[in-house]
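Notes to accompany the following structure.
2 protein chains.
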Amino acid sequence: MSSIRDVAREAGVSVATVSRALSSPEKVSPASLAKVQTAIDKVGYSPNMLARNFRSARSYTIVVLVPDITNPFYSQVIRSIEDRAQQKGYAVLLGDTRRGEAEREQEYVRRVETRLADGIIQLRPHSEKQGHTIPNSVACVHAAGCELTYGPSIRIDNRGASKNMVDYLISLGHKRIGVISGLKDNPHAIDRMAGYKESLAEAGLPFEKELVAEGDFTMWSGLNCAHQFCNLANPPTAIFCMNDEMAIGAIQTLKSQGFRVPEDISVTGFDDIPYARYCDPALTTIAQPTEEMGKMAMDMLLRVINSEPLAQRESVLPSEFIIRKSTGPAKQRG
Amino acid sequence: MSSIRDVAREAGVSVATVSRALSSPEKVSPASLAKVQTAIDKVGYSPNMLARNFRSARSYTIVVLVPDITNPFYSQVIRSIEDRAQQKGYAVLLGDTRRGEAEREQEYVRRVETRLADGIIQLRPHSEKQGHTIPNSVACVHAAGCELTYGPSIRIDNRGASKNMVDYLISLGHKRIGVISGLKDNPHAIDRMAGYKESLAEAGLPFEKELVAEGDFTMWSGLNCAHQFCNLANPPTAIFCMNDEMAIGAIQTLKSQGFRVPEDISVTGFDDIPYARYCDPALTTIAQPTEEMGKMAMDMLLRVINSEPLAQRESVLPSEFIIRKSTGPAKQRG
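Written as structure tokens, this is what we have:
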């Protein structure tokens, strides 16, 4: 195994210069840097990065906390974060918190407190009404935030996008619009429910409890919630689902119960995961800018880590309204 | 911020004992360990783990190399790896190599060589015919291996599972069976193609080039490949797709071209991703044991890192044959 001395000899510079080139390259002339780099390649030297990072008190590592990495919305944001992190010389530690288990999150918070990571990107939406789970001393950015997120965040306007979707259903003549929500204390579910209610209120339609079913963002829960609607004496003519997975599950139930989508019941999703355009019928949904969310969250976190000022504490990105085949005019029922 | 001295004072032991408790707890009496632990909690001390790991020459971090984290098969294996790693006190660095880009893989290999990580779990299948990309000096285990994987690996019998699937289609009376493969140099595609050919040969059916379409494991490619079959003078009565995504894409094309699935054409998948049971019709497929693959790969990697002997270099896990609605008897065509 070659040493730093071998590199210095090969490069014709001092050991101190090689060391400086590795720890503070900005303090070394470009000519010396080039010599050192060539020598490192030639002698096959692997600097002990762990030792180097120890000296610089940076781990060049960030943690991504995700409630469920198998959810395609999150895995797309993570891919974008990883891509940007790599461009910036950072590695990404994956913290799957299994739907936000507090103990698991705390283990990752400790990694930052103990300097094994420099900061956190939190994908679980978190409202300040729920209290803090991540201490102020830990650099943290929310990449899929909600209204009243504590700390810096990137998000879309979940309430506004949901209102637009329900407005659209109302414009198609729907008056009984069911909603399949996420768990009711989930901040995304809270924001999207607010949009649903605003739209109904604006159109003068009543909010009816029997038209609300609580899911948990999984396909399985969408499947079950749709059964609840099928069993009503007067089923809804449209269902607003708070994510695409629940819409996909709901469509399966509706078909199995003899309802045609959209002729008998329209169904809408949220997120525009890759399967949204491949299910039958293809889903009308809201596309979230996952690529941009990941990239901007990483850039924002680096500014927090480096104690640079943020242009704004919160960035609200545009979402896209996508009309496909799962929605149509309201059916007139006897 | 409290220091190691505060901990020692609180615990009533020497600084050296606290230090030993942190770096080599096995050398400290249980009574002293308990005192130190209590004191750490009380004074709120965060040991500088980076420094500690530097001393122990372990990073307690592994890298997972994945061709595409948004592929649900891979994200399920990763969730299981992360779960097991956390139980064992290890963190998981995510290396999305964008379908195996060599340069990106090498950056992560260097992390192990420079001791920022202790080993690698490789999710991209790799056959030794392709040469090595990861040096022998780097601890590495393959979690979704293929035949002739170089190095320790966990895998299913891709060839045997594919042969079973095609045997099943033949038993339903199908004689013209199309195949939508992955990229033809992908080791999973090679193994699964071998199973397809074995099944045809055993049944005395010819291997016909016009019945082979090369996809790349994405839904989009499945959609395109199915068009190729629809345009044949004599289309196949069944299509064996090498993963579920391509099957989902193919079904969309078939429906749009007026073919009923399975009445006109049967379609089969591979992997059993969560969407397989929610698409219409639900997919007949091969379930891979993602949970077990991730867990076993992590355990195997820890043995390699710790230089412990492996019971076997390769573990071939059972897969599950799942018959759903996308397959049926061959249609007799004029």
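So the protein sequences, as listed, match chains E and Z.
Per the numbering used here, residue 1 is the first one in the first sequence, and the count goes up by one each step.
Per the numbering used here, residue 335 is the first one in the second sequence, and the count goes up by one each step.
Positions of the beta carbon are idealized from the N, C-alpha and C atoms, including for glycine.
Query raised in the report: Whose Cβ in chain Z lies nearer than 7 Å to the Cβ of Leu-93 (chain E)?
Result: For Leu-93 (chain E), the chain Z residues whose C-beta falls within less than 7 Å of its own C-beta are Ala-425, Val-426, Leu-427, listed in chain order.
Requested in this report: Name, please, each residue of chain Z whose Cβ falls closer than 9 Å to the Cβ of Asp-96 (chain E).
Outcome: Ile-412, Arg-413, Glu-416, Asp-417, Gln-420, Val-426
Requested in this report: Go ahead and label Gly-204 (chain E) buried or exposed: buried means 16 or more other beta carbons lie within 10 angstroms of its beta carbon, across all protein chains shown.
Outcome: exposed
Query raised in the report: CB-CB under 8 Å to Gly-328 (chain E), same chain, minus the five flanking residues each way: which ones, in chain order?
Result: Leu-172, Pro-262, Glu-263, Ser-266
Report task. Could you tell me whether any Cβ in chain E is nearer than 8 Å to the Cβ of Gly-453 (chain Z)? Result -> Look at Gly-453 (chain Z): its C-beta is not under 8 Å from any C-beta on chain E.
Query raised in the report: Who are the near neighbours of Ile-657 (chain Z) in its chain, counting only those whose CB is closer than 6 Å to its CB and skipping five residues on each side?
Result: Excluding sequence positions up to five before and after Ile-657 (chain Z), its CB lies within less than 6 Å of the CB of Thr-618, all in the same chain and listed in chain order.
**Report entry** Environment of Glu-82 (chain E) [buried if 16+ CB atoms lie within 10 Å]
**Finding:** buried
Query - Contact list for the segment 456-482 of chain Z against chain E, Cβ threshold 9 Å - result: none
Query raised in the report: If you run the structure through DSSP and keep just helix, strand and coil, what is Pro-329 (chain E)?
Result: coil
Query - Interface residues of the segment 611-622 of chain Z facing chain E [CB-CB below 9 Å] - result: Arg-611, Tyr-612, Cys-613, Asp-614, Ala-616
Query - Pairwise C-alpha distance: Asn-243 (chain E) and Val-426 (chain Z) - result: 28 Å
Query raised in the report: In angstroms, rounded to a whole number, what distance separates the CA positions of Gly-529 (chain Z) and Pro-540 (chain Z)?
Result: 14 Å
Report task. Pull up the distance between the alpha-carbon of Ala-39 (chain E) and that of Val-13 (chain E), whole angstroms please. Result -> C-alpha separation (whole angstroms): 10 Å.
**Report entry** Under the three-state DSSP convention, the category Leu-200 (chain E) falls into
**Finding:** The answer is helix: DSSP assigns Leu-200 (chain E) an H, G or I state.
Report task. Assess, as a yes-or-no matter, whether the segment 451-465 of chain Z is touched by the segment 117-137 of chain E under the definition of 3 or more beta carbon pairs within less than 8 Å. Result -> no
Query raised in the report: Taking Cβ positions, are Arg-159 (chain E) and Pro-236 (chain E) nearer each other than 8 Å?
Result: Not in contact: Arg-159 (chain E) and Pro-236 (chain E) (Cβ atoms no closer than 8 Å).
Query raised in the report: Comparing alpha-carbon positions, which option in E:Asn-306, E:His-188, E:Thr-61, E:Lys-295 lies nearest Leu-148 (chain E)?
Result: E:His-188
Requested in this report: Can you tell me which of the three DSSP states Arg-55 (chain E) falls into?
Outcome: Residue confidence is low: Arg-55 (chain E) scores 49 on pLDDT, short of 50, so the model does not pin down where it sits. Its coordinate-derived value is still stated next. Residue state, collapsed to three classes: helix.
Requested in this report: Would you mind sorting Asn-186 (chain E) into buried or exposed? The rule is 16 or more other CB atoms within 10 Å of its CB.
Outcome: buried
Query raised in the report: For Leu-310 (chain E) versus Ile-62 (chain E), is the C-beta spacing smaller than 8 Å?
Result: no
Requested in this report: Could you name the residues of the same chain whose beta carbon sits closer than 8 Å to that of Cys-230 (chain E), not counting the 5 residues immediately before and after it, in chain order?
Outcome: Thr-253, Leu-254, Gln-257, Phe-259
Query - C-alpha gap between His-174 (chain E) and Ala-238 (chain E), whole angstroms - result: Looking at the two C-alpha atoms, the distance is approximately 7 Å.
Query - Per-residue contacts from Tyr-530 (chain Z) into chain E (C-beta, under 8 Å) - result: Within chain E, no residue comes near Tyr-530 (chain Z); the closest Cβ sits about 24 Å away, beyond 8 Å.
Query raised in the report: I think Met-298 (chain E) touches Ala-144 (chain E), with their Cβ atoms under 8 Å apart; what is that distance to the nearest whole Å?
Result: Met-298 (chain E) to Ala-144 (chain E), Cβ: 13 Å. No contact.
Query raised in the report: What span of residues does the alpha helix (DSSP H) with Phe-229 (chain E) cover, start to end?
Result: 219-230
**Report entry** Buried versus exposed, by CB contacts within 10 Å (16 or more), Glu-103 (chain E)
**Finding:** exposed
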